[in-house]
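For the sequence shown, my numbering gives the first residue as 587, with consecutive numbering after it. Glycine is no exception: its CB is placed at the ideal position from the N, C-alpha and C atoms. Just so we're clear, the structure is a prediction, and the values are computed from it rather than from any experiment.
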Amino acid sequence: MAPEQMAETAQDALPPPARPLDAIDQDILRILQADGRASIRSVAERVHVSRANAYARINRLVEDGVIRGFGARVDHERAGHSTSAYITLKIVQNTWRTVREQLRQLPGASHIALVGGDFDVLLLVHTPDNRALRELVLTRLQAIPEVLSTRTLLVFEEEDLEPDA
Numbered sequence: 587m588a589p590e591q592m593a594e595t596a597q598d599a600l601p602p603p604a605r606p607l608d609a610i611d612q613d614i615l616r617i618l619q620a621d622g623r624a625s626i627r628s629v630a631e632r633v634h635v636s637r638a639n640a641y642a643r644i645n646r647l648v649e650d651g652v653i654r655g656f657g658a659r660v661d662h663e664r665a666g667h668s669t670s671a672y673i674t675l676k677i678v679q680n681t682w683r684t685v686r687e688q689l690r691q692l693p694g695a696s697h698i699a700l701v702g703g704d705f706d707v708l709l710l711v712h713t714p715d716n717r718a719l720r721e722l723v724l725t726r727l728q729a730i731p732e733v734l735s736t737r738t739l740l741v742f743e744e745e746d747l748e749p750d751a
């Protein structure tokens, strides 16, 4: 096997399965989804375990890849990206990895999914305005050789569903 094939195989290898989650782990996840800045102390109090136990559980959830990171939920319109769109793409067969890497580089790309159905990829983008969206679709996306076609679905209104606290 060529070195580049070995690297791609190792990179695409799935991580070991996560350990089973109990009710306390599920509660910790719910709390951190609602408030990623919650202190260890407040998490421990809310799930009725010691701080050491809460700390160990959160570390295990991170190590197992259950928690992929912590971040802010952004109101895209208030952040200057008032135009949002879902873009469907049909791509050349077996080019998903190549296309995914190019889509990750797009300004405003927020979510990328390989899907089954009438199209291959679903891309969510947030742009400052329609002109920037047009530029992204007509210049950037359609310049990717593996992209066969696109369809743009303009978002009129959106709402992120917040986890129950």
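*Euclidean distance between Cα positions of Ile677 and Ala624*: Walking along the sequence shown from the start, residue 677 turns up at place 91. Walking along the sequence shown from the start, residue 624 turns up at place 38. Those two C-alpha atoms are separated by around 42 Å.
_Give me, in chain order, the residues of the same chain whose beta-carbon lies closer than 7 Å to that of Asp611; leave out the 5 immediate sequence neighbours on both sides._
Sequence index remark: in the sequence shown, residue 611 carries index 25 (1-based). Closer than 7 Å at Cβ, skipping near neighbours: Arg643, Leu647.
_To the nearest angstrom, how far is the alpha carbon of Thr681 from that of Val711?_
Here the question's residue 681 lines up with position 95 in the sequence shown. Here the question's residue 711 lines up with position 125 in the sequence shown. Rounded to whole angstroms, the gap between the alpha carbons of Thr681 and Val711 is 21 Å.
*asked:* By the three-class DSSP mapping on this structure, what secondary structure does Ile610 have?
replied: On the sequence shown, position 24 is the one that residue 610 refers to. In this structure, DSSP gives Ile610 a helical state, which the three-state scheme calls helix.
_Coarse secondary structure for Ser696, derived from DSSP in three states_ = The residue given as residue 696 occupies position 110 in the sequence shown. The three-state reading of DSSP puts Ser696 in strand, counting E and B together.
*Just checking, does the stretch 683 to 693 make contact with the stretch 722 to 739 on the three C-beta pairs under 8 Å criterion?*
In the pairwise beta carbon analysis, the stretch 683 to 693 is classified as touching the stretch 722 to 739: at least three pairs are separated by under 8 Å.
*Within the same chain, show all residues whose beta-carbon is closer than 7 Å to that of Ala658, passing over the 5 residues directly before and after it, in chain order.*
Working through the sequence shown from its first residue, we reach residue 658 at position 72. Excluding residues within five positions, none has a Cβ falling inside 7 Å.
_Endpoints, the beta strand (DSSP E) within which Thr684 is located_ = Taking the sequence shown and counting its residues from 1, one reaches residue 684 at position 98. Unbroken run through Thr684 is the alpha helix (DSSP H), 682 to 690; no beta strand (DSSP E).
*Neighbourhood of Ala604 by C-beta, 7 Å cutoff - its chain only, sequence neighbours within 5 removed*: Here residue 604 corresponds to residue number 18 of the sequence shown, with the count starting at 1. Excluding five sequence positions before and after Ala604, the CB atoms of its chain that fall closer than 7 Å to its own CB belong to Asp650, Gly651, Val652, given in chain order.
*Residues near Gly666 by beta carbon distance below 7 Å, same chain, minus five either side*: What you label residue 666 is simply residue 80 of the sequence shown in a count that begins at 1. Result list for Gly666: Pro714, in chain order.
*Where Phe656 and Gly622 are concerned, what is the direct C-alpha to C-alpha distance, given to the nearest angstrom?*
Position 70 of the sequence shown, counted from the first residue, corresponds to residue 656. Position 36 of the sequence shown, counted from the first residue, corresponds to residue 622. Spanning the two alpha carbons is a distance of roughly 6 Å.
*Between Ala718, Gln679, Glu721, Thr736, which lies nearest to Leu709 when the distance is taken from Cα to Cα?*
The sequence position of residue 709 within the sequence shown is 123, counting from 1. Of Ala718, Gln679, Glu721, Thr736, the residue nearest in Cα terms is Thr736.
_Could you compute how far the alpha carbon of Asn645 sits from the alpha carbon of Gly703?_
For the purposes of this step, residue 645 is identified with residue 59 of the sequence shown, where counting begins at 1. For the purposes of this step, residue 703 is identified with residue 117 of the sequence shown, where counting begins at 1. Here the alpha carbons of Gly703 and Asn645 stand approximately 38 Å from one another.
*Just the Cα atoms here: how many angstroms apart are Ser670 and Ala638?*
Counting from 1 along the sequence shown, the entry for residue 670 is found at position 84. Counting from 1 along the sequence shown, the entry for residue 638 is found at position 52. Near 42 Å, if we compare the C-alpha coordinates of Ala638 and Ser670.
*If you draw a straight line from the C-alpha of Glu745 to the C-alpha of Glu687, how long is it?*
Within the sequence shown, residue 745 is the residue found at index 159, counting from 1. Within the sequence shown, residue 687 is the residue found at index 101, counting from 1. When the Cα atoms are used, Glu745 and Glu687 turn out to be separated by approximately 27 Å.
*Does the distance from the C-beta atom of Val741 to that of Tyr672 stay below 8 Å?*
Taking the first residue of the sequence shown as position 1, residue 741 is located at position 155. Taking the first residue of the sequence shown as position 1, residue 672 is located at position 86. Yes. Within cutoff.
*How many Å lie between Ile614 and Val635 at the Cα?*
For the purposes of this step, residue 614 is taken as the residue at position 28 of the sequence shown. For the purposes of this step, residue 635 is taken as the residue at position 49 of the sequence shown. Cα to Cα, Ile614 sits roughly 11 Å from Val635.
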